[in-house]
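This report concerns only the one structure given below.
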Amino acid sequence: MPVPTSTFIARRSSSFNAFKNPKEHRRYRSVSTCLRRSPEFHWTRFDVHTTSLSLQTNLPIELLDLIIEFSLQPVHSFASVAGFSVASRSFRQIALRHYFSMFHVCKAERWRKATSMMPQVTSWARVLEASAEALLCSLHTLREFRSLQIVHLSFFGQSIVSQHKCANLLISNLPSTLYKLSLTDVADINILMLSCIGSNFPLLTSLEISCTERLDESCCWSCFEESASCFWHSPIPDMFPSTTTLTNALMRSLKPLKKLQHLHLGFFLSPDELLSKHFRHAPEDEIGPFGPEFCDVCHDMYSPTTRLAELQASVGLAQVLKKLKTVRFSSFFAKQDSDACERKTTIWISRCDGRIKVRRRPW
Ligand SMILES: [Zn+2]
Ligand SMILES: [Zn+2]
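Written as structure tokens, this is what we have:
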């Protein structure tokens, strides 16, 4: 139903005339005083009146939706729609619906308050960005978010034990209609969790599960080493004896994801010993801790086999996931500048005459 724009225009003109710069305000006042004293003032006032009358048209909801959607880009901030939201009750509904289409939850308190004070948010939210811990306080509320399409959960601060329980609970309470799922700061990427994702979200086109952001080089060598010992960053050979066994397990668990196009597995395919050896041979000098990507010894010993393993695993996954276009792994040996900074390597897949080809740049 069309909403009259007159209310919005009236409120907007009063609230938007607040000049932040005092010089600008003085200039505005002197111009308006001159205008009132001038012989043309009555004509000008009449002109302004007719102009505002001509703006009192009815805009369809679809157009207002587009305007609000546009004003929330590129920064999704409430400040962008604050003026619009106080214009009228109908405008407030439109503004809130669009603002809460992306719902960000970092604390349990916000999760509880927002969902109890504004129950409509469960049907408005399309994108949910949240701390996994915050959502746990009310899982039945999560089940009510039936319109979600994109979900990003951070497991920051969770131990391997607490994360297992937490991840399974959250995965089983999210709607099966998701097409994009991202789980970051995970302490352990295990096959059970991947199988659970594979069977629960058949429409996924993009999946990210990553743990290697937990490596912490911000302090000293001891902290770097300790951070590496608190999560499973390299599943070979302790969890899987070889790249082939790991790839086979991944293929079995992710097979139900028939629409998957982009897969990001944020663990290393280099052997687990790489980091422990690096900690032993890296010089402890004044420049602070650094990773194997800056170490010639590690490059010579591990780069060729790791890079080969990354390509082989991508081919295996592409054989089962027929729509797959890119695979990303965490890697110390990415050669592209952008990927190397993030310790990630991206592999692009091409399919031609039944053959699968892979390389580290787009086809
Ligand atoms: Zn330290
Ligand atoms: Zn090294």
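Okay, so the sequence shown: first residue is 1 according to UniProt numbering, each after it adds one.
C-beta atoms are modelled at their ideal positions from N, C-alpha and C, and glycine is treated no differently.
The stretch 282–356 is shown to contain whole beta strand (DSSP E) runs of 3 or more residues at 326–330, 344–352, in chain order. Secondary structure at M239: coil, using DSSP grouped into helix, strand and coil. With a cut-off of 7 Å, the C-beta of C219 is classified as near ligand 1, since at least one heavy atom of the ligand falls inside that distance. Annotation for P292 indicates a beta carbon within 7 Å of some heavy atom of ligand 2.
Distances from the CA of E69 to each of I197, L96, W221 were compared; the closest alpha carbon is that of L96. Non-local beta-carbon contacts of K180 in its own chain, meaning distances under 6 Å to residues more than five positions away in sequence, involve I150, S206 in chain order.
For the stretch 59–99, the continuous alpha helix (DSSP H) assignments of 4+ residues that do not extend past its boundaries occur at 61–71, 82–85, 89–99, in sequence order. The stretch 339–358 makes contact with the stretch 311–324: 3 or more CB pairs, one atom from each, lie closer than 8 Å.
Between A187 and I160, the CB-CB gap stays under 8 Å.
L174 places its beta carbon less than 8 Å from that of L148. For I197, the uninterrupted alpha helix (DSSP H) run begins and ends at 191–200, by DSSP. For A282, the distance from the CB to the nearest heavy atom of ligand 2 is below 7 Å. Rounded to the nearest whole angstrom, the C-alpha separation of L64 and W124 is 16 Å. At the C-beta level, E213 and T184 come within 8 Å of one another. Rounded to the nearest angstrom, the Cβ distance from H278 to P292 is 5 Å, consistent with a contact under 8 Å. Not a single heavy atom of ligand 2 lies less than 7 Å from the C-beta of H233. In this structure the stretch 247–254 touches the stretch 192–201; the number of beta carbon pairs closer than 8 Å is three or more.
The beta-bridge partner set that DSSP reports for R359 consists of W348. Between E284 and W221, the CB-CB gap stays under 8 Å.
The shortest CA-to-CA distance from L260 to any of F100, K107, E208, L246 is the one to E208.
A residue is called buried once 16 or more other Cβ atoms fall within 10 Å of its Cβ, and G157, having fewer, is exposed. Spanning the alpha carbons of W111 and E144 requires a straight line of approximately 13 Å.
With fewer than 16 other CB atoms across the displayed protein chains lying within 10 angstroms of its CB, N58 is exposed. Distance from the Cα of E342 is smallest, within the candidate group L215, L203, M193, Y99, for L215. For the pair S90 and S116, the Cα-to-Cα distance works out to about 21 Å.
Taking C-beta separations shorter than 6 Å and ignoring five residues to either side along the sequence, the partners of K107 in its chain run A134, following chain order.
Taking 8 Å as the cut-off, the beta carbon of H264 is found closer than this to the beta carbon of S210. Look at E226 here: in three-state DSSP terms it is helix. Not one heavy atom of ligand 1 sits closer than 7 Å to the Cβ of S242. Of the candidates F103, M102, F84, F84 places its Cα closest to the Cα of I94. Assigned with DSSP and collapsed to three states, H233 falls in coil, not helix or strand. Going by DSSP, T184 is part of no alpha helix (DSSP H) but of the beta strand (DSSP E) stretching over 180–184. At least one heavy atom of ligand 1 lies less than 7 Å from the C-beta of C223. For H278, the shortest separation between its Cβ and any heavy atom of ligand 2 lies below 7 Å. Listed in chain order, the non-local C-beta contacts of A249 below 6 Å within the same chain comprise I191, local neighbours out to five positions each way being set aside. Boundaries cannot be given for A125, as no alpha helix (DSSP H) includes it and DSSP labels it neither H nor E.
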